[in-house]
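Q: Numbering (this note's numbering), first residue to last: 1183 to 1610.
Every residue, glycine too, gets a C-beta built ideally from N, C-alpha and C.
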Amino acid sequence: MKLKRILFATVPLDGHFSPLTGLAIHLKQLGHDVRWYVGGHYGARVTKLGLVHYPSVKAPVINQENMDELFPERKKIKNPIARARFDVKHTFLSPIPGYVDDLVKVHEEWPFDLIVYDLACLGALFVQELLAIKGVAVGVLPLFESELNLPSDDPEQNVLARSVVRWAKRAKIHFQFNMIMKPCSVLFNELRARYGLPQEPGFMFDAVFRNASLYLQSGVPGFDYPHRKLSPNVRFVGPLLPNKPNAKASFAQADTTLKYKRVILATQGTFERNVEKIIVPTLEAYKNDPETMVIVTTGGSGTGALRQRYPQTHFLIEDFIDYDAVMPYASVYVTNGGYGGVMLALQHRLPIVVAGVYEGKDDIAARVQFNGVGIDLKTETPGAAQIRRAVATVLSDHKYRRQAQQLSEEFKSYPANQIASRYIGELV
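(1) Count the other C-beta atoms from every protein chain shown that fall within 10 angstroms of the C-beta of P1337, then say buried if there are 16 or more, exposed otherwise.
(2) When you compare the segment 1240-1256 with the segment 1274-1281, are there three or more beta-carbon pairs, one atom per stretch, that lie closer than 8 angstroms?
(3) Which class does E1247 belong to by DSSP, given the choice of helix, strand or coil?
(4) V1536 and G1556 look like a contact to me (Cβ under 8 angstroms); what is the Cβ gap, rounded to whole Å?
(5) Relative to the C-alpha of H1198, which candidate in L1447, H1214, W1218 has its C-alpha closest?
(6) Can you give the Cα-Cα distance for A1394 and A1548, rounded to whole angstroms?
(7) Exposed or buried, T1474, counting other C-beta atoms within 10 Å across all chains shown (16 or more means buried)?
(8) If contacts are defined as beta-carbon pairs under 8 angstroms, then G1481 and D1501 qualify, I think. What distance do you get, rounded to the angstrom?
(9) For Y1515, which residues does DSSP report across the bridge?
(10) Kindly indicate the opening and closing residues of the beta strand (DSSP E) around T1464.
(11) Quick one: residues in its chain with C-beta nearer than 6 angstroms to the C-beta of D1300, no 5 flanking neighbours on either side, listed in chain order?
(12) How should K1186 be labelled, buried or exposed, when 16 other C-beta atoms within 10 angstroms of its C-beta is the threshold for buried?
(13) What three-state label does DSSP hand M1525 in the structure shown?
(14) Rounded to a whole number of angstroms, what is the C-alpha to C-alpha distance between V1220 and H1235?
(15) If you follow the alpha helix (DSSP H) that G1197 is in, where does it begin and where does it stop?
(16) Is R1489 helix, strand or coil by DSSP?
(17) Using C-beta distances below 6 angstroms, list every residue in its chain close to S1483, excluding the 5 sequence neighbours before and after it, in chain order.
(18) Using the C-alpha atoms, what's the distance from T1479 back to T1452?
(19) Tell me, which residues are paired with L1296 by DSSP?
(20) How big is the Cα-Cα spacing for I1297 and K1581?
(21) Output the distance between the C-alpha atoms of Y1468 and R1570, rounded to the nearest integer angstrom.
(22) Suppose the cutoff is 7 angstroms on Cβ atoms and the five residues either side in sequence are ignored; what does the same chain contact list for I1207 look like?
(23) Would you say the beta carbon of D1215 comes nearer than 7 angstroms to a heavy atom of the ligand SAM?
(24) Would you be able to state if there are at least three C-beta pairs under 8 angstroms between the segment 1385-1393 and the segment 1403-1418?
(25) Name the residue from G1486, E1466, S1432, S1513 whose alpha carbon lies nearest to the alpha carbon of R1444.
(26) Residues in its own chain within less than 7 angstroms of Y1505 by CB, not counting five upstream and five downstream?
(27) Use the C-beta contact count for T1449: other C-beta atoms within 10 angstroms, 16 or more gives buried, fewer gives exposed.
(28) Going by DSSP in three states, Q1310 sits in which element: helix, strand or coil?
(29) In chain order, what residues of the same chain have a beta carbon less than 7 angstroms from the beta carbon of N1371, not counting five sequence neighbours either side?
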């Protein structure tokens, strides 16, 4: 592989930034000049990685820390599709001109050969086309589906059932993408016209599949729905995860976990700051069960208050815990459906209980259930009894752990950074 100047560009959201850090460092270790464009406090994290950081100047910083302050009306939107439309418009579309200006300026200062961007950093897609350079998009969420890329039928269903399900899928996707999300696609094309770029048909994110030189999908085919047809640009590369130091972290409470019948690891990730959604009902479910240890990671939301509210000795409540260190001691993973956490849980053969609806988490939850590795509670706000029942089910029915173990073996066969860098090498 010829050594290149590679710019990473991501929106300032943890689930879009962190998964790419391992790949960036791997490419740097191969000898490439790797730098990173991102806004907000992520600049300090880029510098800590030993990479040159380009901050956002004209692009606004919109993330979990200020979203409710910037858009107070967002909290009132309960329909998941309407919420998705709002988020896409304000978080990913409206900032495109700022991203374009910033990235063009970076290129004038440091003419990069290749830009690697998360699928939501649409300004990077524009710049790839405007500057006629190679661009690699990275799927940090499950593979999107459009009407051109439907999941295949369930072979266990009879012909009539398969026909009905196929029709229902097409109708649902047409309604979501071509009606509910149409204003977003219209705005996307208005922005493209501003820069003299050709119009894109259908759902706007399909343009990423079509126009990126390469689309690297984080994950493995086994966790995806079986598809009849994929874009020729798509490559599954295995789980792209945050960069880890060479020395594996140890879990300080490892010996403590051995005293309990079961250990539950629960999280809402970093984006969801309302601890009442999953963390509180999980703690409520087991506050009077001293045989169950509950380990909670809050992402920095209300940790001190939760410790005061739940002083039980069988609870461990922390801002952050290294999942690689703690998951070997866990029995089950309770989550709102963050993609990186779900993949890491599967690597550790953990059955999963998911309660998530917004920000595409309903899609991740549905895949968890479809693949038989856990239970989708189909709600954003599960009750304590609901969580307790689901945990009991995935622990007592060994099929969930067997399926998780099967996927774990598939994950092992995909060394993500090596595979991704090989595809990038073939491109440049």
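A: This is what the structure holds:
(1) Here the model assigns P1337 a pLDDT of 49, short of 50, so the residue's position is not dependable and the matter cannot be decided.
(2) The segment 1240-1256 makes contact with the segment 1274-1281: 3 or more CB pairs, one atom from each, lie closer than 8 angstroms.
(3) Coil, per DSSP.
(4) The pair is a contact, with the Cβ atoms about 6 angstroms apart (cut-off 8 angstroms).
(5) When each option's Cα is compared against that of H1198, the closest is W1218.
(6) If I take the Cα positions, the gap works out to 27 angstroms.
(7) Burial check for T1474: the Cβ neighbour count within 10 Å reaches 16 or more, so the residue is buried.
(8) Between D1501 and G1481 the Cβ distance is about 7 angstroms, and since that is below 8 angstroms, they are a contact.
(9) Looking at the DSSP assignment, Y1515 forms a beta bridge with L1447, I1534.
(10) Boundaries around T1464 are those of the alpha helix (DSSP H), 1461-1468, since no beta strand (DSSP E) includes it.
(11) Around D1300, the same chain offers T1192, H1198, V1320, V1322 as residues with beta carbons nearer than 6 angstroms, after the five sequence neighbours per side are excluded.
(12) Under this definition K1186 is a buried residue.
(13) In the structure shown, M1525 sits in a helix (DSSP, three-state: H, G or I).
(14) Taking the straight line from one Cα to the other gives about 8 angstroms.
(15) For G1197, the enclosing alpha helix (DSSP H) starts and ends at 1196-1199.
(16) Helix.
(17) Correct list, in chain order: R1455, V1457.
(18) Taking the straight line from one Cα to the other gives about 9 angstroms.
(19) In the DSSP assignment, the residues bridged to L1296 are I1188, K1316.
(20) Put simply, the backbone Cα of I1297 is about 42 angstroms away from that of K1581.
(21) Spanning the two alpha carbons is a distance of roughly 8 angstroms.
(22) The answer, listed in chain order, is L1231, N1425.
(23) Only the bare structure without any ligand can be found here, which leaves the ligand SAM out of the picture.
(24) Yes, the segment 1403-1418 is in contact with the segment 1385-1393.
(25) Cα-wise, what sits closest to R1444 is S1513.
(26) The answer, listed in chain order, is G1523, L1526.
(27) It is buried - the Cβ of T1449 has at least 16 other Cβ atoms within 10 Å.
(28) Residue state for Q1310 is assigned as helix, using DSSP reduced to three classes.
(29) If you ignore the 5 residues before and after N1371, its C-beta comes within less than 7 angstroms of the C-beta of Q1381, E1382, all in its own chain and listed in chain order.
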